[in-house]
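One structure below.
Number of protein chains: 2
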Amino acid sequence: MDRPEFALIDWIRSRVVDRDPVVVGIGDDAAVLRSHASRDWLVATDMIMEGVDFRLPDASPELVGRKALAVNLSDIAAMGGRPTAAFVSVALPIDRGVEFAKALHAGVLDLADQFDVVIAGGDTNSWRGPLVINITAVGEPLGSRSITRQGALPEDWIFVTGSLGGSLAGRHLTFEPRVREAKSLVELVDLHAMIDISDGLAADLHHILDGSGRGAIIEASAIPISEAARTAPGPLTALQHALADGEDFELIFTVSAEEGRQLLMRWNDATPITCIGRITAEPGCWIRYDAETREPLPPLGWTHALK
Amino acid sequence: MDRPEFALIDWIRSRVVDRDPVVVGIGDDAAVLRSHASRDWLVATDMIMEGVDFRLPDASPELVGRKALAVNLSDIAAMGGRPTAAFVSVALPIDRGVEFAKALHAGVLDLADQFDVVIAGGDTNSWRGPLVINITAVGEPLGSRSITRQGALPEDWIFVTGSLGGSLAGRHLTFEPRVREAKSLVELVDLHAMIDISDGLAADLHHILDGSGRGAIIEASAIPISEAARTAPGPLTALQHALADGEDFELIFTVSAEEGRQLLMRWNDATPITCIGRITAEPGCWIRYDAETREPLPPLGWTHALK
Chain E
1 MDRPEFALID WIRSRVVDRD PVVVGIGDDA AVLRSHASRD WLVATDMIME GVDFRLPDAS
61 PELVGRKALA VNLSDIAAMG GRPTAAFVSV ALPIDRGVEF AKALHAGVLD LADQFDVVIA
121 GGDTNSWRGP LVINITAVGE PLGSRSITRQ GALPEDWIFV TGSLGGSLAG RHLTFEPRVR
181 EAKSLVELVD LHAMIDISDG LAADLHHILD GSGRGAIIEA SAIPISEAAR TAPGPLTALQ
241 HALADGEDFE LIFTVSAEEG RQLLMRWNDA TPITCIGRIT AEPGCWIRYD AETREPLPPL
301 GWTHALK
Chain W
1001 MDRPEFALID WIRSRVVDRD PVVVGIGDDA AVLRSHASRD WLVATDMIME GVDFRLPDAS
1061 PELVGRKALA VNLSDIAAMG GRPTAAFVSV ALPIDRGVEF AKALHAGVLD LADQFDVVIA
1121 GGDTNSWRGP LVINITAVGE PLGSRSITRQ GALPEDWIFV TGSLGGSLAG RHLTFEPRVR
1181 EAKSLVELVD LHAMIDISDG LAADLHHILD GSGRGAIIEA SAIPISEAAR TAPGPLTALQ
1241 HALADGEDFE LIFTVSAEEG RQLLMRWNDA TPITCIGRIT AEPGCWIRYD AETREPLPPL
1301 GWTHALK
């Protein structure tokens, strides 16, 4: 029997130390994870595909592996959680060889180490098709409960982390999942609703509004626009990029106005947070340009722009 | 924004009822699962790919979806566990359309219902490549601990469920994951080691021997050979098919000789169990044809025969 993936799996295992919460890791039929503090587990899963979520060789295999894990860590953070373990499935193009596969997994493993996430299992395959990676991340809530999209209340302030737009220029591969920032937020305030920006600010804000049965008014002048959005080629304005580009992987969250004020005073993380508007009781999402001008803000969003 | 997968996700959600252990299911950044009885979670993940693990249209989309879940339920059962939730990621060929996608998910959902597994999340994508499905299944140990590949002891009896070989004729798509049988086994005996047969009897037995640091002697005449193995085309004997074909998804397990005897008397499940040999203290795996003839049994196994 010639199974080259066994050698690759051995190489991956040699780089992984089983530790909390992993009791049984890579190499059995399933992993065994043990809960100590929390009764709740968070589970996120994302599949990324060559030609859709990245292009080879524009992206290095390390960055592709990194992205596959990072999008999942971002999902766990967006639930107010701390990622602890991950499971990595790959369909490797057979002609790219084992060094490519190792580089891909090195990208996963380095980011996992950075966030103290244990690679606890996976499924390694090769085929004649394009590269596909699916990662499932497991985590636990940082506070007493998970933060969903459903808790936004009227008069909540709406915040975003970082700056938005233009991620296609490179940041969609190199972004830092906001795990540390989510931890600080859970410690500092009572988060009402939270989501990470994968589809785009407008689209993901709509997910919170739909989930919470609320509306919102966004202040155009308050939206933090990234340098990449300002310099992006094409007909869209920088603001349009910030509203509609996807894969920012920043957090959108809402807190009460009182807590919002306190948060702005107490926030001392290197990643900025910005209040961009407020939740309304009546449904409908608006963007206000000045005291007299407001327009409906539809759920614009990224539709696999790489295609 | 035109995101046809949103309509598909809504259709999937309409077929799923969130229930124990799922607190937050499809539709947020991550699922929230809550542990009641057990502190341990089992997590298995498998990716199956068009042209490698199935061919279209030889396999219907329902059977492909069914297989993607079934292989994971088999993994959870092989740990002595009960599957409870699953996460379904797909890369759908864009030209096959939404009815194909629904049929695929119907295959997943029907099997999930049969085994009381909740679909708690996933990632739905379309692309111009072949069909890829990754499922991650979560479960909990049925007994006080999980059953790994590492606990086989000298003089243990080695059992298999069902009959072996020839799964490529169809059974690799239609097999019943041995969830019920695993539950009966956990209730009846102290399982020392267990694995499901994905690579083939010989290869997977070697996984137990390697994990446990033991050897084995298998009785050729005792191996339960399936009808499909007896009628398989090609040069291999039925016994060779039973030893080397993969994807039987039967269980191999070891128990003490004393418990093995009791088990044979007390087993009353419709799925047969057969004692095929015994574990030895000294490493090395042998197959015995009669009192005088034995040969080494290498880890023969399936190497993606569909390729």
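Line by line, the protein sequences are chains E and W.
According to our numbering, the first sequence is numbered sequentially starting from 1.
According to our numbering, the second sequence is numbered sequentially starting from 1001.
Cβ coordinates follow ideal geometry from the N, Cα and C atoms, glycine included.
Remember, predicted model here, so these are calculated numbers, not experimental data.
Since Phe87/E contacts Thr1148/W with CB under 8 Å, what's their CB separation in whole angstroms? By 1-based counting over the first sequence, the position of residue 87/E is 87. By 1-based counting over the second sequence, the position of residue 1148/W is 148. About 17 Å separates the two Cβ atoms, so there is no contact after all.
For the candidate residues Ala1242/W, Glu1062/W, Gly1213/W and Pro1235/W, whose alpha-carbon lies nearest to that of Glu1219/W? Residue numbering aside, residue 1219/W sits at position 219 when the second sequence is read from its first letter. When each option's Cα is compared against that of Glu1219/W, the closest is Ala1242/W.
Does DSSP put Ser1035/W in a helix, in a strand, or in coil? Numbered from its first residue, the second sequence carries residue 1035/W at position 35. Note: Ser1035/W maps to coil in three-state DSSP.
At a CB distance below 7 Å, what residues from the stretch 1140-1174 of chain W approach chain E? Give them in sequence order. Ser1146, Thr1148 and Arg1149
Mind listing the chain E neighbours of Val1052/W? Cutoff is C-beta to C-beta under 9 Å, in chain order. As a position in the second sequence, residue 1052/W is number 52, starting the count at 1. In chain order: Ala91, Asn125, Ser126, Trp127, Arg128 and Gly129.
CB contact below 9 Å: Trp1041/W versus chain E: To locate residue 1041/W, count along the second sequence from 1; it is residue 41. With 9 Å as the cut-off, Trp1041/W counts as an interface residue toward chain E.
Under three-state DSSP, which class holds Met1049/W? What you label residue 1049/W is simply residue 49 of the second sequence in a count that begins at 1. Three-state DSSP puts Met1049/W in a strand.
When you compare the CB positions of Leu1033/W and Val1017/W, do they come within less than 9 Å of one another, or not? The residue you call residue 1033/W lines up with position 33 of the second sequence. The residue you call residue 1017/W lines up with position 17 of the second sequence. Result no, Cβ atoms of Leu1033/W and Val1017/W do not sit closer than 9 Å.
Specify the secondary structure class of Asn72/E as computed by DSSP and reduced to three states. Start at 1 with the first residue of the first sequence, and residue 72/E comes out as number 72. Helix.
Do you know whose CA, among Leu185/E, Asp245/E and Gly211/E, lies nearest Ile197/E's CA? By 1-based counting over the first sequence, the position of residue 197/E is 197. Of Leu185/E, Asp245/E and Gly211/E, the smallest CA-CA separation from Ile197/E is found for Asp245/E.
Just how far apart, CA to CA, sit Met47/E and Arg1261/W? Mapped onto the first sequence, residue 47/E falls at position 47. Mapped onto the second sequence, residue 1261/W falls at position 261. C-alpha separation (whole angstroms): 47 Å.
Just confirm the distance between the C-beta atoms of Pro1061/W and Ala1103/W, as a whole number of angstroms; I'd bet it's less than 8 Å. Counting from one through the second sequence, the residue named residue 1061/W turns up at place 61. Counting from one through the second sequence, the residue named residue 1103/W turns up at place 103. The beta-carbon separation of Pro1061/W and Ala1103/W, rounded to 4 Å, stays under the 8 Å limit for a contact.
With 16 as the cutoff for other CB atoms within 10 Å, does Pro1233/W come out buried or exposed? Locating residue 1233/W in the second sequence gives position 233, counting from the first residue. Classification for Pro1233/W: exposed.
Per DSSP, cross-strand counterpart(s) of Leu42/E: Here residue 42/E corresponds to residue number 42 of the first sequence, with the count starting at 1. According to DSSP, Leu42/E bridges with Gly139/E and Val1032/W.
Examine chain E for any beta-carbon lying closer than 9 Å to the beta-carbon of Asn1134/W, and answer yes or no. One-based indexing of the second sequence puts residue 1134/W at position 134. Answer yes: the Cβ-Cβ gap between Asn1134/W and chain E drops below 9 Å somewhere.
Could you spell out the range, first to last residue, of the beta strand (DSSP E) harbouring Val1090/W? The residue labelled residue 1090/W in the question sits at position 90 within the second sequence. It spans Gly1081 to Pro1093 - the beta strand (DSSP E) in which Val1090/W sits, taken as one unbroken run.
Determine the burial state of Ala44/E: buried for a count of at least 16 other Cβ atoms within 10 Å of its Cβ, exposed for fewer. Taking the first residue of the first sequence as position 1, residue 44/E is located at position 44. Buried, because 16 or more other Cβ atoms sit within 10 Å of the Cβ of Ala44/E.
Suppose you measure from the CA of Gly97/E to the CA of Ser74/E; what does that come to, to the nearest Å? Here residue 97/E corresponds to residue number 97 of the first sequence, with the count starting at 1. Here residue 74/E corresponds to residue number 74 of the first sequence, with the count starting at 1. If you take the alpha carbons of Gly97/E and Ser74/E, they lie about 30 Å apart.
Starting from the beta carbon of Thr1045/W, find every residue of chain E whose beta carbon is closer than 7 Å, and list them in chain order. Reading the second sequence from its first residue, position 45 is the one you call residue 1045/W. By Cβ distance, chain E contributes Phe87, Ser89, Gly121, Gly122, Asp123 and Thr136.
Of all the residues that make up the stretch 11-35 of chain E, which are near chain W by a beta-carbon distance shorter than 9 Å? Pro21, Val23, Val24, Gly27, Asp28, Asp29, Ala30, Ala31, Val32, Leu33, Arg34 and Ser35
Arg1096/W (DSSP reduced to helix, strand or coil): To locate residue 1096/W, count along the second sequence from 1; it is residue 96. DSSP places Arg1096/W in helix when its eight states are reduced to three.
Length of the line joining the Cα atoms of Pro1177/W and Arg1019/W: Position 177 of the second sequence, counting from 1, holds the residue named residue 1177/W. Position 19 of the second sequence, counting from 1, holds the residue named residue 1019/W. If I take the Cα positions, the gap works out to 22 Å.
Gly211/E versus Asp1204/W - alpha carbon distance: Indexing the first sequence from 1 puts residue 211/E at position 211. Indexing the second sequence from 1 puts residue 1204/W at position 204. For Gly211/E and Asp1204/W, the distance between alpha carbons rounds to 47 Å.
Quick check on this structure: which residue in Thr231/E, Asn268/E, Trp267/E and Ile119/E has the alpha carbon closest to the alpha carbon of Gly25/E? For the purposes of this step, residue 25/E is identified with residue 25 of the first sequence, where counting begins at 1. Taking only the C-alpha atoms, the option nearest Gly25/E is Ile119/E.
Per DSSP, what kind of secondary structure is Arg230/E in: helix, strand or coil? On the first sequence, residue 230/E is found 230 positions in, with the first residue counted as 1. Three-state DSSP puts Arg230/E in a helix.
Going by the DSSP bridge assignment, what does Asn1134/W pair with across the sheet? Translated into the one-based positions of the second sequence, residue 1134/W becomes position 134. Answer by DSSP bridge pairing, in chain order: Met1047/W and Ser1089/W.
Please list the partners that Asp1196/W has in chain E, where partner means a Cβ-to-Cβ separation under 8 Å. One-based indexing of the second sequence puts residue 1196/W at position 196. Here the neighbours are Asp29.
On the premise that Met1194/W lies in contact with Leu1251/W, defined as a C-beta separation below 8 Å, what is that separation, rounded to the nearest angstrom? Mapped onto the second sequence, residue 1251/W falls at position 251. Mapped onto the second sequence, residue 1194/W falls at position 194. Between Met1194/W and Leu1251/W the Cβ distance is about 6 Å, and since that is below 8 Å, they are a contact.
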